[in-house]
Every structure is written in structure tokens, then in C-alpha cells.
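With the first letter of the sequence shown counted as 1, position 98 gets the number 1578 in the working numbering; the numbers rise by one all the way through. Report on one structure; see the data block that follows.
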Amino acid sequence: QKIRVGVIFGGQSGEHEVSIHSARSVMENLNSEKYDILPIGISKQGVWHVGLSSFEELGAEIPDSLRKRILVGSTAVPSENGNFLPDSSLRSVDVIIPVLHGPHGEDGTVQGLFELLDVAYVGAGVLASAVGMDKAMMKSAFAHAGLPQCKYKVYLRHHWEQNSESILSDIERELGFPCFVKPANLGSSVGISKAKDRESLILAMREAARYDRKIVVEEAVNAREIEVAVLGNDEPRASVAGEIVPKADFYDYNAKYVNGTSELIIPAELTDQKMSEVRKLALQAYRAIDGSGLSRVDFFLERETGRLLVNEINTFPGFTVYSMYPKLWEATGLSYENLLDELIGLALERHREKN
Ligand code: ATP
Ligand code: MG
Ligand code: MG
Ligand code: MG
1481 QKIRVGVIFG GQSGEHEVSI HSARSVMENL NSEKYDILPI GISKQGVWHV GLSSFEELGA
1541 EIPDSLRKRI LVGSTAVPSE NGNFLPDSSL RSVDVIIPVL HGPHGEDGTV QGLFELLDVA
1601 YVGAGVLASA VGMDKAMMKS AFAHAGLPQC KYKVYLRHHW EQNSESILSD IERELGFPCF
1661 VKPANLGSSV GISKAKDRES LILAMREAAR YDRKIVVEEA VNAREIEVAV LGNDEPRASV
1721 AGEIVPKADF YDYNAKYVNG TSELIIPAEL TDQKMSEVRK LALQAYRAID GSGLSRVDFF
1781 LERETGRLLV NEINTFPGFT VYSMYPKLWE ATGLSYENLL DELIGLALER HREKN
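So, in C-alpha cells, the structure goes:
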């Protein structure tokens, strides 16, 4: 009897396309001896589509290798508000892989649905997903765990709109220029800008405020970007570290997905000491948010001081065969296919232990 795996992809976040690419890699690499696949696509409008047609409904192609492996699923019947939750399909599988990035995917909301349905799922639970997605909460959790971070401030859009002058002065005084302005709850660098003076700071605040009611502003650090993959539940393991060399001013959306010329260096060229330090910090960051399943922890290695700072954690990082997370595991001796086996095992384990 094969394990029935529901793979959810697409979604309403700005990372819809990335998610489709990630999910296709996942489906193509699930061992066909062990798993049957039920694809579940969520359109940009939030409509759920189940089964073979889900690819077309999202305007994506079905890889030929997958056609014969796909379980027949029910078709979507939109409910009154247009959002169909295919709860019978979700209950019909043994485990779900929510290959979703960003809000409504990586932030605990869809994980809450799986909890209510009592179905096993890959990755972080409700709490870790929510804390990991919200950069302000994430930073509080990291600070409490004593992890090194860059200087930052958090502002509500409401206060920005009421009192922008005093917020601008506060940022200038506390953080200075350049600084990074980010919506608290997003990924793929959407809504993030680097401000170099008061004028660009105003534009950056307005831009971030379009996406979120909470805005995080950070001092800009001059640093190398180092990433570590973490895998596990109660005894997580850290991969070797990798480095990203963005071919842009910073690792913005374009550098990530449009002109994909950014370079991944795996393993990162680090001294043995830095390598073990960053892997240790990655595990601490993972525990600080009570992670499970997987996460990618992103760091800054300051050029001048050699200090490592935690930038952020991503509880469902990019998962294409070209993505950092699976490549880091490959370099650590775990193939993409075996990585999926482990993740599914971890999901089933966590589900068993809860019940
Ligand atoms: P992801 O796609 O990894 O989830 P994200 O949208 O959560 O990304 P961040 O990782 O916080 O965004 O920032 C995106 C990029 O912006 C970083 O990879 C880095 O290049 C740059 N950056 C962010 N914050 C800073 C900072 N404080 N100093 C220097 N560069 C920064
Ligand atoms: Mg992120
Ligand atoms: Mg992300
Ligand atoms: Mg990042």
C-alpha cells in the first residue's frame, strides 16, 4: 500500500509562481514505489482545485512523468465566497505537503486547517509558522533566545499614517542610513526596499505599508549572506552552510526569480570555526520558534567585524531542484528524494505523537 501524499501549491501570496515550481520539483521527486500523489492547486483568487485538472486551472503544465501517478480527485465546487476548501480530499490522503510560501501558506493559517482536519502535514506547526512569518515576532523570539541580530524597529502602519514625522526622526536617530524597510509578513523580498535618505525612506515606508499593517525597519549591514538548512522535529540537524551572492544591490525579487543570475556557493567558503558557529546558531533559531519538519535560516556575516547575525527563518523555503534548501542537504549527503522521505516521516511522527 502506497502512502497517499497531497501536494498543495500555488496560493494567494506574491510567491504563487515560485510555489508552483517548488511543487513540481517535489512531485517529480516523490519516489513512485512509495507514494501516490494528489495535487491540490490554489488559484491566485483562492479557489482550490483538486486532481489532474489543478495544474491547468492554475495555468501550469503537468509534467508527463506525473500523469500516471496522480490520484483521481474530486473537482472543485466553489462555495459562496468563492473559496472552496476540499475537506474530503484533504482527509483522503495520509499526509499533506503544503508547498506554499508566504501568507496563507507559510504563516500557520493553512496549518490550522490541517490541525482541525486532523491530517498529518509536512513542516512547521501553527505556532512556528506564524512566528516565522512575522518578522517582528520572529525577532522577539530570537532576541529572547539571545541570538545576535541587527538593530531594528517595528512600527504600525496606523502610527506611520498618524505621525510619520516622528517615525522618520526616530529611524534616522536609531538606525540611520542606509536602512531596510520590510512588511512584517512576507517573503521573496516583496515590498522590501533599501532606503538611503529621508526621501527614499518615505517611499519605502509607503511601499511596505501597502502590504502589511506592521513595518519592520533595520539598519543595513554590509555582509555576506549565509544560509543553513535545518531538518527534524525534536532533534533537528543542520546542513552545511551555503552562500548567496546576489548580482544586484541586494537579494531582491528580481535577483531571486527574474534575472536568476545570483550565485549559490555550496558549501560556503568559511573557516571551520565559522561553519560550526553558523550551524549551531541555525539550530538555536529553529528551537527559538519551536520549529518542526524543516526551515532555512538566513544569516548575515558582517564583512568588517566577522560577526554572524541571524536575518530570518523561512519555514517553507524555496524547494525547486535549484533551490538552496534541497541543495544544502545534497551537499550534506541527503538527496532530494531522500529528503522528501525524511520530511514525510517527520510529518507522520509528529502527527502520531500528538494523538
Ligand atoms: P525570503 O525570500 O528569503 O523569505 P524575505 O522576503 O523574507 O526573503 P529578507 O530575507 O528579510 O526578505 O530580505 C531580503 C534580502 O534583502 C536579503 O536577502 C538581503 O539581500 C537584503 N537585506 C535584508 N535586510 C537587510 C539588512 N538589514 N542589511 C542588509 N541587507 C539586507
Ligand atoms: Mg523570509
Ligand atoms: Mg520566505
Ligand atoms: Mg530571506
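We put the CB at the ideal spot given by N, CA and C, even for glycine.
Locate the beta strand (DSSP E) running through residue i, then write down its first and last residues.
i        : result
Glu-1723 : 1717-1725
Ser-1673 : 1673-1675
Ala-1748 : Per DSSP, Ala-1748 belongs to no beta strand (DSSP E) and is neither H nor E.
Ile-1550 : Note, Ile-1550: premise wrong, no beta strand (DSSP E); not H, not E.
Pro-1519 : 1515-1522
Val-1530 : 1528-1530
Tell me the residue span of the alpha helix (DSSP H) that contains residue i.
i        : result
Ser-1620 : 1615-1624
Lys-1633 : Run containing Lys-1633: none in the alpha helix (DSSP H); it sits in the beta strand (DSSP E), 1632-1636.
Ser-1646 : 1644-1654
Ser-1775 : Unbroken run through Ser-1775 is the beta strand (DSSP E), 1773-1782; no alpha helix (DSSP H).
Leu-1789 : No alpha helix (DSSP H) holds Leu-1789; the beta strand (DSSP E) holding it covers 1788-1794.
Leu-1838 : This structure cannot speak to residue 1838, because the chain is shown only from 1481 to 1835.
Leu-1808 : 1804-1811
Taking DSSP as the reference, what is the three-state secondary structure of residue i?
i        : result
Asn-1818 : helix
Leu-1711 : strand
Ile-1836 : Outside the displayed span of the chain (1481 to 1835) sits residue 1836, for which this structure offers no information.
Asp-1770 : coil
Ala-1503 : helix
Asn-1702 : coil
Glu-1536 : helix
Asp-1752 : helix
Gly-1490 : strand
Pro-1663 : strand
Tyr-1737 : helix
Gly-1825 : helix
Val-1758 : helix
Ser-1559 : Note that Ser-1559 has pLDDT 44, beneath the 50 cutoff, so the model's placement of it is unreliable and the number below is only indicative. It is coil, neither helix nor strand.
Val-1498 : helix
Lys-1834 : helix
Going along the chain, which residues of its own chain have a beta-carbon closer than 8 Å to the beta-carbon of residue i, five neighbours each way excluded?
i        : result
Asn-1561 : In this predicted model, Asn-1561 has a pLDDT of only 48, less than 50, meaning its place in the structure is not dependable; the value taken from the coordinates is given anyway. Cβ neighbours of Asn-1561 beyond the five flanking positions: none.
Ala-1625 : Gln-1764, Ala-1765, Arg-1767, Ala-1768
Leu-1518 : Arg-1484, Val-1485, Gly-1486, Val-1487, Val-1530, Gly-1531, Ile-1550, Leu-1551, Gly-1553, Ser-1569, Ser-1572, Val-1573
Ser-1668 : Gly-1494, Glu-1495, Val-1498, His-1581, Gly-1582, Tyr-1733, Lys-1736, Tyr-1737
Please tell me whether residue i has its Cβ less than 8 Å away from any Cβ of chain C.
i        : result
Phe-1780 : Of the protein chains in this structure there is only one, and it is not chain C.
To which residues of the same chain is residue i closer than 7 Å at the C-beta, ignoring the five residues directly before and after it?
i        : result
Lys-1610 : Reading off the sequence shown, one finds Ala at residue 1610, where the question assumed Lys. If we look at Ala-1610 and ignore the five residues flanking it on each side, its Cβ neighbours are Asp-1587, Gly-1588.
Leu-1819 : Pro-1806, Trp-1809
Ala-1608 : Ile-1769, Asp-1770, Gly-1771, Ser-1772, Thr-1795
Thr-1741 : Lys-1727
Gly-1721 : It should be noted that the sequence gives Ala, not Gly, for residue 1721. Closer than 7 Å at Cβ, skipping near neighbours: Ile-1706, Glu-1707, Val-1708, Pro-1747, Ala-1748, Leu-1750, Met-1755, Val-1758, Arg-1759.
Ile-1500 : Phe-1489, Gly-1490, Leu-1538, Ala-1540
Ala-1688 : Val-1661, Lys-1662, Pro-1663, Gly-1671, Ile-1695
Leaving out the 5 sequence neighbours to the left and right, which residues in its chain are closer than 6 Å to residue i when beta-carbon positions are compared?
i        : result
Gly-1507 : Here the sequence assigns Met to residue 1507, which means Gly is not the residue at that position. Correct list, in chain order: Val-1487, Ile-1517, Leu-1546.
Phe-1780 : Val-1701, Ala-1703, Leu-1789, Asn-1791
*Segments assigned alpha helix (DSSP H), at least 4 residues, entirely inside the segment 1575-1614*: Counting only runs of 4 or more, we get 1589-1597, 1606-1613.
*Would you say the segment 1735-1745 touches the segment 1812-1825, given that touching needs at least three Cβ pairs under 8 Å?*
no
*If you pair each beta-carbon of the segment 1520-1532 with each one of the segment 1486-1493, do three or more pairs fall below 8 Å?*
yes
*Counting Cβ pairs closer than 8 Å, one from the segment 1796-1806 and one from the segment 1689-1702, do we hit at least three?*
They do not touch, by the three-pair rule.
*Do the segment 1824-1831 and the segment 1636-1644 make contact, defined as three or more Cβ pairs closer than 8 Å?*
no
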